[in-house]
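Inspection log for the structure reproduced underneath, given as C-alpha cells.
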Amino acid sequence: MLEDIKEIIKLFLEGKKDKQYDPYRDDRIYVRVTKDEKDMIKNLAKLQHRDVSNFIRWLALSKYLDDFIKQ
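Numbering (numbering that gives the first Met the number 0), first residue to last: 0 to 70.
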C-alpha cells in the first residue's frame, strides 16, 4: 500500500509528459468543419481506438489507397 502511494506521488510530481511526435510529421493540414462534423469525426476515431490525427491519416492513406486505388 505504501509503495502504491509513493508511486502515485512520484507520477504526480513528475507531471504529464508530452507526447513524442515523429519528427518527419511536422506538416499540418487544417480543415474547416462544423461542430457536428467535428464531433462525428471524434466519435468515429474513438470507435477505431485512434486519436483524431491518426484516424484521419489512416482514413485518407490506408483506407482510400486500399479500397479505391489498389483494386
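Ideal Cβ positions, reconstructed from N, Cα and C, are used throughout, including at glycine.
**Report entry** Rounded C-alpha distance that separates I40 from M0
**Finding:** Near 41 Å, if we compare the C-alpha coordinates of M0 and I40.
Report task. Starting from the C-beta of P56, find all residues in its chain whose C-beta is less than 8 Å away, skip the five residues before and the five after it, and write them out in chain order. Result -> Pro is not the amino acid found at residue 56; the sequence shown has Arg there. Around R56: no qualifying Cβ.
Query - Distance between beta carbons of V51 and A59, contact taken as under 8 Å - result: No, A59 and V51 are not in contact; Cβ-Cβ is about 12 Å, not under 8 Å.
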